[in-house]
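In UniProt numbering, the protein residues as written are 1 to 233.
Even glycine gets a Cβ: it sits at the ideal position worked out from N, Cα and C.
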């Protein structure tokens, strides 16, 4: 049974009666129950092992196989399978672009290139500061990379709290008694936004969604995606 509470601001809160987690929509509650309490994945790709409970995410994944890129940049010929990443690409054309160097007119295609540029050409700039993430303690000397790190937040399945993706394991261990991931496993990390996973396929699928990402510069073995027919042989 789905419990619905309404508050004075007329915003409905949908509460899971199995763990008391509260969300702001019935769709999110349904997704939470299927994932956290039923162990279900509503959508399974017929061309590879990818599965998800998120319909829009599944549709984007299928477009990768089909080679369909319906979302176009308003300023140039760039197209993407994802509306989110098409909008992210458009930031390149904006004067307040977060990928613009703070010290010169250079505009990078991604955070990795921006960080590399600043370290090579502006490593001695007095304006460079060290800022630490308040959730995981990781330190950054580049504001753009720091903001990208902050955006990579995850929602705890146990209590719904949003925390830095790198602090999630610690949060679950300290607050909910969940065992940390087994040490010794290979962890694969995206060099652009620092998102990481022990699942190589998930990281590779994540990387190819970055706008204009050059896969020839990828340090991972891409044969697994070619085998799944996600990339051409």
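With respect to the beta strand (DSSP E) encompassing residue i, which residues constitute its N-terminal and C-terminal limits?
i: residue 154; result: 153-155
i: residue 26; result: Taken as a continuous stretch (DSSP letters only), residue 26 belongs to no beta strand (DSSP E), being part of the alpha helix (DSSP H) at 26-32.
i: residue 162; result: 162-164
Distance check for residue j and residue i, CA to CA, integer angstroms please.
i: residue 18; j: residue 79; result: 42 Å
i: residue 72; j: residue 83; result: 8 Å
i: residue 151; j: residue 106; result: 23 Å
i: residue 133; j: residue 36; result: 28 Å
i: residue 103; j: residue 121; result: 9 Å
i: residue 29; j: residue 160; result: 11 Å
i: residue 10; j: residue 24; result: Any answer about residue 10 is weak, because its pLDDT of 43 lies below 50 and its placement is not dependable; what the coordinates show is given next. Each residue's alpha carbon lies about 11 Å from the other.
i: residue 169; j: residue 153; result: 12 Å
i: residue 7; j: residue 76; result: With a pLDDT of 42 at residue 7, under the threshold of 50, the modelled position of this residue cannot be trusted; read the value that follows with caution. Cα-Cα distance, rounded: 45 Å.
i: residue 118; j: residue 141; result: 10 Å
i: residue 115; j: residue 93; result: 19 Å
i: residue 47; j: residue 81; result: 17 Å
i: residue 123; j: residue 13; result: 48 Å
i: residue 197; j: residue 203; result: 6 Å
Can you find the residues in the same chain that come closer than 6 Å, C-beta to C-beta, to residue i, ignoring five residues on each side of it along the sequence?
i: residue 98; result: 144
i: residue 95; result: none
Taking the alpha helix (DSSP H) that residue i belongs to, which residues open and close that run?
i: residue 121; result: 111-121
i: residue 57; result: 55-66
i: residue 85; result: 83-90
Within 10 angstroms of the Cβ of residue i, are there 16 or more other Cβ atoms? Answer buried if so, exposed if not.
i: residue 20; result: exposed
i: residue 207; result: buried
i: residue 55; result: exposed
i: residue 172; result: buried
Just to confirm my understanding: we take residue i, look at its own chain, exclude 5 residues before and 5 after, and list those with CB closer than 7 Å. What are they?
i: residue 32; result: 16, 21 and 23
Counting only the same chain and skipping the five closest in sequence on each side, list residues whose C-beta sits under 8 Å from that of residue i.
i: residue 45; result: 51, 58, 61, 62 and 65
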